[in-house]
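The listed protein sequences derive, respectively, from chains Y and V.
Our numbering numbers the first residue of the first sequence as 59 and each following residue consecutively.
Our numbering numbers the first residue of the second sequence as 1453 and each following residue consecutively.
Even for Gly, the Cβ is constructed at its ideal location relative to N, Cα and C.
Take a look at the structure set out below.
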Amino acid sequence: MSNILFSNRTISTLAVVALALLPFFINNLYYVHIATTIAIYWIVVAGLNLLVGFCGQLSVGHIGLLAIGSYTMVLAGIHLGVPPLLGLLLSGIVCGFVGLLLGLPSLRLSGFYFAMVTLAFGQIVAEAALSEQWLTNGSMGLPAPEMPALLSSKYGLYAVCAAIALVITLITKNIASSLWGSSLIAIRDADIAARSLGIRIFRAKLITFVFSGFTAGVGGGLFALSHNYITPDAYTFDLSLFFFVSIIIGGRGAILGPFLGMAVLTALPEMVSSLAKYSTFFYGTILLLVALLAPGGFSELIRQFGFRKGRQAVPVASDPDLGMLRKEIVEPTN
Amino acid sequence: VGYVIVAGLALGATYALTALVYNTMYSTSKVLNFGAGQFAMAGGIICAWVMLSLHQPLWVATIAVIAVGALFGALTELVAVRRVMADSDSHLWVLTTLALATIVEQAVGLVWGWDPTPFPRLFKQPMGTLLDQKFWLPVAVAIAATVLLDLFYRRTMLGKSFLAVAEDEVAARARGVSSAKVRCLSYMLAGVVGAISGMAAGQLNFADPSLGMRLGLGGFLALAVGGMGSSVGALIGGLFAGLLNSFSTDLFGAQYSDAVALGVLAIILIIRPLGLFGISNTRSV
């Protein structure tokens, strides 16, 4: 087991380093853009992963937090002249706070109820962004602030996104392998048992939710920077579903799996642009197939294969000898 | 104000019907289907398509809508529910029903287009009165569905076997009720009720692929108010949710009706996490 964990860690470290360096060897700006998008989405997904994958709280409304992050960034830049890098921090803090406000009532609810409330939250933010024209300029959108000179190129933005993604990955990795991560999994799998062990369920959920709000806010700020211009129609339920699906197909309670799932799902529609129209249909189909056939996602499949190789112990079901049993029960009465 | 009340009642009736659909499926399977609103969406789209594009009369459209509802219900049970029933603890059904709802919504949008399309008049009646069919039809269907479902559950053998499975599945199986079959039938029933509600409310909501999600939320609010498993509660909760929506639209504008609804939902769920009349089924340790 520790061996597998170790190899996982090695692979993920190598993957992160390779990914961080990759775009600098490619001269195609479009690929740099895709890599930037993957890094930004990963920042959001990494935080959401702790909430969905570890803590088992099925939030499908993080798009609302992402949107708030983007608008915070842009509005702070326009009205207060906050520089973008500080704006990122501000978006994170604002979204963490919104996450706190949203989490206080909603995290008391069980699975489906929580999902419904988060879904409604996402819808409300999207509608508010569209209708509050004095603030968001409605469907016309707002321009994002410029990055400082050194980082204003596509490569510079990528470097920033990759660096933040790396830091957030390390944080989630540390949380996941700590006692805290284990207690989150305990809440997901057996909340009553977790409570009897002295885990303060609500507090743990709330902290996780606030953290995921923070990463969604930072991700939202970067999202605005990478798009130069933000409009409400970029923050649809489809994108929320996409974050959610990449965690589920990657595997709950893992970090590498969701990253790979998210990267593949981001790159595919970009590479084959004629399929972009069908992407949400495709996410739904994948979600259904994974939930039915491999509820543990890719990580679970990999782990199972790892076990099969290592150990051959297969439990053999033994048939009870009904004849004997009957004899023993019936004969004494005779 | 008259218009606000009438529109609110009509909208509330569609929410009540969606809450009934939730209830019908929940009672036999203990699954809250994310796609509860999708039946109505499918019914509305099919009805508009059969009547406007294929130029068929109302009775053909009605048969088509019922058939689609039953088929969609059976599909939901077979694909999204049956296989994940075994471990209901892990909430896997939230994922499967969400996935199926998304697939259907996307498929309908890709085939029939994403824009809301106008809906045919179902009966001849002068337009523009407060007693227009787009208002009374959903209310009539909601009341009829509540009464008929109640009669079905109380008076027919099949309905009683539904109740038996809802009450205690193991005991029902021991008495020779095929719980899988009953569950599948209850989903078909839910599909038919949902599809007909979509048809009845078509002139109010238009034939719109994204309707399912909105109805799912509204119906859920109705369920939270009215309580799980009660038909009358669903009706009252639905009418409450509809009037709330209608009045908040009138007072604050359409963009805030969802926010007000969510706020009320949050307050209700904080006070009673399982709905106003819900029964706690937390396992005591």
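request  = Tell me whether Arg-1635 of chain V is buried or exposed, calling it buried when 16 or more other Cβ atoms sit within 10 Å of its Cβ.
outcome  = Counted from its first residue, the second sequence places residue 1635 of chain V at position 183. Buried, since its Cβ has 16 or more Cβ neighbours within 10 Å.
query = Roughly how many angstroms separate the alpha carbons of Leu-1610 of chain V and Ser-1630 of chain V, rounded to a whole number?
reply = Here residue 1610 of chain V refers to the residue found at position 158 of the second sequence. Here residue 1630 of chain V refers to the residue found at position 178 of the second sequence. Rounded to the nearest angstrom, the two C-alpha atoms are 11 Å apart.
task = Measuring only between beta-carbons, confirm whether Gln-1707 of chain V sits less than 8 Å from chain Y.
result = Taking the second sequence and counting its residues from 1, the one referred to as residue 1707 of chain V is at position 255. Gln-1707 of chain V counts as touching chain Y.
request  = Give a yes or no on whether the C-beta atoms belonging to Ala-1594 of chain V and Ala-1465 of chain V are separated by under 8 Å.
outcome  = Reading the second sequence from its first residue, position 142 is the one you call residue 1594 of chain V. Reading the second sequence from its first residue, position 13 is the one you call residue 1465 of chain V. In contact: Ala-1594 of chain V and Ala-1465 of chain V (Cβ atoms closer than 8 Å).
ask   = Under three-state DSSP, which class holds Thr-1569 of chain V?
value = What you label residue 1569 of chain V is simply residue 117 of the second sequence in a count that begins at 1. Here Thr-1569 of chain V sits in strand by DSSP.
inquiry  = On the criterion of 16 or more Cβ atoms from any shown chain inside 10 Å, does Asp-1567 of chain V qualify as buried, or is it exposed?
reply    = Within the second sequence, numbered from 1, the residue matching residue 1567 of chain V stands at position 115. When all chains shown are included, Asp-1567 of chain V counts as exposed.
query = When Cβ atoms are compared, which residues of the stretch 163-186 of chain Y fall closer than 8 Å to chain V?
reply = If the cut-off is 8 Å between Cβ atoms, the stretch 163-186 of chain Y has Pro-163, Ser-164, Arg-166, Leu-167, Ser-168, Gly-169, Phe-170, Tyr-171, Ala-173, Met-174, Val-175, Leu-177, Ala-178, Phe-179, Gln-181, Ile-182, Glu-185, Ala-186 near chain V.
task = Output yes if chain Y places a C-beta closer than 8 Å to the C-beta of Gln-1558 of chain V; else output no.
result = For the purposes of this step, residue 1558 of chain V is identified with residue 106 of the second sequence, where counting begins at 1. So yes, Gln-1558 of chain V belongs to the interface.
inquiry  = Using CA atoms only, rank isn't needed, just tell me which of V:Ile-1498, V:Ala-1462, V:Met-1537, V:Val-1533 is closest to Leu-1552 of chain V.
reply    = Here residue 1552 of chain V refers to the residue found at position 100 of the second sequence. Nearest C-alpha to Leu-1552 of chain V among V:Ile-1498, V:Ala-1462, V:Met-1537, V:Val-1533: V:Val-1533.
inquiry  = Based on DSSP bridge pairs, tell me the residues matched to Ile-288 of chain Y.
reply    = As a first step, residue 288 of chain Y must be located in the first sequence, where it is residue number 230. Per DSSP, Y:Leu-200.
Chain V within 8 Å of Arg-369 of chain Y, Cβ atoms only = For the purposes of this step, residue 369 of chain Y is identified with residue 311 of the first sequence, where counting begins at 1. Low per-residue confidence applies at Arg-369 of chain Y: pLDDT is 45, beneath 50, and the placement is therefore not dependable, though the value from the model is reported in the following sentence. Contact with chain V is absent for Arg-369 of chain Y, since none of that chain's Cβ atoms lies less than 8 Å from the residue's Cβ.
ask   = Of all the alpha helix (DSSP H) runs that stay within the bounds of the stretch 1610-1655 of chain V, which reach a length of 4 or more residues?
value = Counting only runs of 4+ residues, the alpha helix (DSSP H) found wholly inside the stretch 1610-1655 of chain V occupies 1621-1626, 1631-1652, in chain order.
inquiry  = Closest to Met-1680 of chain V by C-alpha separation, out of V:Val-1645, V:Thr-1476, V:Leu-1663, would be which residue?
reply    = Looking up residue 1680 of chain V in the second sequence gives position 228. Nearest option by C-alpha distance: V:Thr-1476.
request  = Taking 8 Å as the threshold, find out whether the stretch 177-192 of chain Y comes into contact with the stretch 307-327 of chain Y through three or more Cβ pairs.
outcome  = Touching, no, given that fewer than three Cβ pairs across the two stretches are closer than 8 Å.
Unbroken alpha helix (DSSP H) run spanning Ala-244 of chain Y, endpoints = The residue labelled residue 244 of chain Y in the question sits at position 186 within the first sequence. 237-247 is the extent of the alpha helix (DSSP H) around Ala-244 of chain Y.
ask   = Is the number of C-beta pairs between the stretch 1597-1606 of chain V and the stretch 1487-1507 of chain V that are closer than 8 Å three or more?
value = With the cut-off at 8 Å, the stretch 1597-1606 of chain V and the stretch 1487-1507 of chain V do not touch.
ask   = Grouping DSSP H, G and I as helix and E and B as strand, with all else coil, what is Ala-1659 of chain V?
value = Your numbering for residue 1659 of chain V matches position 207 in the second sequence. Looking at Ala-1659 of chain V - three-state DSSP - the assignment turns out to be strand.
message = So within the stretch 95-174 of chain Y, which uninterrupted alpha helix (DSSP H) runs reach at least 4 residues, ignoring any that extend past its ends?
response = Listed in chain order, they are 120-133, 142-164.
message = Rounded to the nearest angstrom, what separates Phe-356 of chain Y and Gly-309 of chain Y at their Cα positions?
response = Translated into positions along the first sequence, residue 356 of chain Y becomes position 298. Translated into positions along the first sequence, residue 309 of chain Y becomes position 251. Approximately 6 Å between the Cα atoms of the pair.
request  = Could you name the residues of the same chain whose beta carbon sits closer than 7 Å to that of Leu-1717 of chain V, not counting the 5 residues immediately before and after it, in chain order?
outcome  = Walking along the second sequence from the start, residue 1717 of chain V turns up at place 265. Its chain contains Leu-1673, Ala-1676 as the residues whose beta carbon lies nearer than 7 Å to that of Leu-1717 of chain V, once the 5 sequence neighbours on both sides are disregarded; these appear in chain order.
Stretch-stretch touch, CB-based, cutoff 8 Å, three pairs: the stretch 255-271 of chain Y with the stretch 133-140 of chain Y = At 8 Å Cβ cutoff, the stretches do not touch.
request  = Whole angstroms is fine: what's the gap from Leu-1523 of chain V's alpha carbon to Met-1640 of chain V's?
outcome  = Indexing the second sequence from 1 puts residue 1523 of chain V at position 71. Indexing the second sequence from 1 puts residue 1640 of chain V at position 188. Computed Cα separation, rounded: 7 Å.
request  = Measure from the alpha carbon of Ile-151 of chain Y to the alpha carbon of each residue in Y:Gly-169, Y:Ser-164, Y:Val-276, then state which is nearest.
outcome  = Start at 1 with the first residue of the first sequence, and residue 151 of chain Y comes out as number 93. That would be Y:Val-276, whose Cα lies nearest to the Cα of Ile-151 of chain Y.
key: Cβ shell of Ala-1526 of chain V (< 8 Å), same chain only, five flanking positions each side left out   = Numbered from its first residue, the second sequence carries residue 1526 of chain V at position 74. Exclusion of the five residues before and after Ala-1526 of chain V leaves Cys-1636, Tyr-1639, Met-1640, Gly-1643 as the residues of its chain whose Cβ lies within less than 8 Å of its Cβ.
key: Distance between Leu-158 of chain Y and Ala-234 of chain Y (C-alpha atoms, nearest Å)   = Translated into positions along the first sequence, residue 234 of chain Y becomes position 176. Translated into positions along the first sequence, residue 158 of chain Y becomes position 100. Cα-Cα distance, rounded: 21 Å.
key: Exposed unless 16 or more other CB atoms sit within 10 angstroms - verdict on Ile-1515 of chain V   = As a working mapping, residue 1515 of chain V is identified with position 63 in the second sequence. Burial is judged here by how many other beta carbons sit within 10 angstroms of a residue's own beta carbon; Ile-1515 of chain V has fewer than 16 and is exposed.
query = Between Ser-298 of chain Y and Val-118 of chain Y, which are expected to be in contact by the criterion C-beta below 8 Å, what is the C-beta distance as a whole number of angstroms?
reply = Here residue 298 of chain Y corresponds to residue number 240 of the first sequence, with the count starting at 1. Here residue 118 of chain Y corresponds to residue number 60 of the first sequence, with the count starting at 1. Under the criterion of beta carbons closer than 8 Å, Ser-298 of chain Y and Val-118 of chain Y qualify as touching, at roughly 5 Å.
message = With distance defined between alpha-carbon atoms, name the residue in V:Gly-1460, V:Leu-1530, V:Gln-1558, V:Arg-1573 nearest to Ala-1632 of chain V.
response = As a working mapping, residue 1632 of chain V is identified with position 180 in the second sequence. The shortest C-alpha separation from Ala-1632 of chain V is found at V:Leu-1530.
task = Mind the definition here: the stretch 333-346 of chain Y touches the stretch 1547-1563 of chain V only if three or more C-beta pairs lie below 8 Å; say whether that holds.
result = These segments touch.
ask   = Lys-1586 of chain V lies in the alpha helix (DSSP H); which residues open and close that run?
value = By 1-based counting over the second sequence, the position of residue 1586 of chain V is 134. Boundaries of the alpha helix (DSSP H) around Lys-1586 of chain V: 1585-1607.
inquiry  = Rounding to the nearest angstrom, what Cα-Cα distance links Lys-1612 of chain V and Ser-1683 of chain V in this structure?
reply    = Here residue 1612 of chain V refers to the residue found at position 160 when the second sequence is read from its first residue. Here residue 1683 of chain V refers to the residue found at position 231 when the second sequence is read from its first residue. Each residue's alpha carbon lies about 15 Å from the other.
ask   = Shortest alpha-carbon distance to Leu-350 of chain Y belongs to which of V:Val-1453, V:Phe-1692, V:Leu-1472, V:Trp-1545?
value = Numbered from 1 along the first sequence, position 292 holds the residue referred to as residue 350 of chain Y. Of the candidates V:Val-1453, V:Phe-1692, V:Leu-1472, V:Trp-1545, V:Trp-1545 places its Cα closest to the Cα of Leu-350 of chain Y.
Residues of the stretch 114-132 of chain Y with Cβ closer than 8 Å to any Cβ of chain V, in chain order = For chain V, the residues of the stretch 114-132 of chain Y that bring a beta carbon within less than 8 Å of one of its beta carbons are Gly-114, Leu-116, Val-118, in chain order.
task = Give me the Cα-Cα distance between Asn-61 of chain Y and Gly-1668 of chain V, rounded to the nearest whole angstrom.
result = Translated into positions along the first sequence, residue 61 of chain Y becomes position 3. Translated into positions along the second sequence, residue 1668 of chain V becomes position 216. Bear in mind that the predicted position of Asn-61 of chain Y carries a pLDDT of just 47, short of 50, making it unreliable; the figure below should be weighed with that in mind. Going by the C-alpha atoms only, they are around 46 Å apart.
message = For Leu-165 of chain Y, which residues in the same chain have their Cβ closer than 8 Å to its Cβ, ignoring the five residues on either side in sequence?
response = Start at 1 with the first residue of the first sequence, and residue 165 of chain Y comes out as number 107. Correct list, in chain order: Gln-115, Phe-172, Phe-260, Lys-263, Leu-264, Phe-267.
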